[in-house]
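Step one of this worksheet: look at the structure below.
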Amino acid sequence: FESQAESQVLAIGELMGRALLTQPLAFSAYVLKPLCDDMPALVDAGVILPPETHPGVGRVDEGAGAGRFVDYHGQDACYYQLYLGADRRTWGIRRYAGCDVQEMEGMDACGRLGVLPERGALAETTLTLAEADMATILRRYLAVELAQMIGAAAASLDMAIGYAKERRQFGRLIGQYQAIKHPLANAWVALDNGRYAVRALLSESEKGPSLAGTANRLVAAAAAQATKLSVQVHGGMGFAWEHDAHLFLKRVYHMGTRTRILAALLDLLPTYSIR
Numbered sequence: 006f007e008s009q010a011e012s013q014v015l016a017i018g019e020l021m022g023r024a025l026l027t028q029p030l031a032f033s034a035y036v037l038k039p040l041c042d043d044m045p046a047l048v049d050a051g052v053i054l055p056p057e058t059h060p061g062v063g064r065v066d067e068g069a070g071a072g073r074f075v076d077y078h079g080q081d082a083c084y085y086q087l088y089l090g091a092d093r094r095t096w097g098i099r100r101y102a103g104c105d106v107q108e109m110e111g112m113d114a115c116g117r118l119g120v121l122p123e124r125g126a127l128a129e130t131t132l133t134l135a136e137a138d139m140a141t142i143l144r145r146y147l148a149v150e151l152a153q154m155i156g157a158a159a160a161s162l163d164m165a166i167g168y169a170k171e172r173r174q175f176g177r178l179i180g181q182y183q184a185i186k187h188p189l190a191n192a193w194v195a196l197d198n199g200r201y202a203v204r205a206l207l208s209e210s211e212k213g214p215s216l217a218g219t220a221n222r223l224v225a226a227a228a229a230q231a232t233k234l235s236v237q238v239h240g241g242m243g244f245a246w247e248h249d250a251h252l253f254l255k256r257v258y259h260m261g262t263r264t265r266i267l268a269a270l271l272d273l274l275p276t277y278s279i280r
């Protein structure tokens, strides 16, 4: 996995999204692992526990007190907050104990939501990583998060297309009606445009202003379009709790709150080519 994590970000992220993965993989593999590789002192000092043996989940914020919600993975998981300092140049990271994170219900029906404590971090430090290196880490993390949204939406759209090929109404397959097939085609194209946006985010040559925000808007809009359409194509059954359509819809909206914050933060940083 590690040998392909850098070059296959889009493919890996889409697979994670299609499976509605509920494991703390993305933050561990694309944030904590690179930080530990670049700054081994973080592990030596106990600020970050080895991600291979202590999976971590966290959030990235513009400031230390910007937010507290995080995906909840039980008391045995490690919880982190990576935040941009007030000077807009330095970064800090905090680690919290799982027993101090308050569990609550969230939008995503496949997982739970946690609330980080207002104080009482087990460890905290200021990072000395170069701005360009931090920007690279965060761009890859945003890319894999957006890829997960694309994967979840694509799985939902495939389900809708399959249903449109089987369901008959008024003597014809519903997929033959323009009111069904044209929106499905438009949703497919929108998701594919989202893939191009993620590739641009990962490109070594693309480094224009607001690139992260543009990619996030394209992917979030396309994913919402596809998952909402899937519910509609399935008709009354699609609105039922027993059907899987709502799971993909809620996952997309849940992840969208996280990617919107991360994309806005990335657009505040100086533009660097990804390394």
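Reading the sequence shown from the start, the letters are residues 6 to 280 in my numbering.
Ideal Cβ positions, reconstructed from N, Cα and C, are used throughout, including at glycine.
Please read all numbers here as calculations on a predicted model, not as lab measurements.
* Rank 226, 84, 143 and 194 by C-alpha distance to the C-alpha of residue 119 and give the top, closest one. => 84
* **Buried versus exposed call for residue 273 [16 or more other C-beta atoms within 10 Å across all chains shown]** => exposed
* Closest Cα partner of residue 224 within the set 47, 153 and 249 -> Of the listed residues, the one whose Cα sits closest to residue 224 is 153.
* Nearest to residue 52 by alpha carbon, out of 259, 99 and 87? -> Minimum Cα distance to residue 52 is reached at 99.
* **At least 3 beta-carbon pairs within less than 8 Å: the stretch 239-254 vs the stretch 141-155** => no
* Buried or exposed (CB count within 10 angstroms, at least 16 for buried), residue 56 -> buried
* Classify residue 232 as buried or exposed, calling it buried when 16 or more other Cβ atoms lie within 10 Å of its own Cβ. => buried
* Could you please give me the residues that DSSP links to residue 77 through a beta bridge? => 117
* Residues near residue 108 in its chain [Cβ-Cβ closer than 7 Å; skip 5 each side] -> 77, 117 and 119
* Are residue 235 and residue 128 close, meaning C-beta to C-beta below 8 Å? -> no
* To do: For the stretch 170-230, list the alpha helix (DSSP H) runs that are entirely contained and at least 4 residues long, ordered along the chain.
  => 183-207
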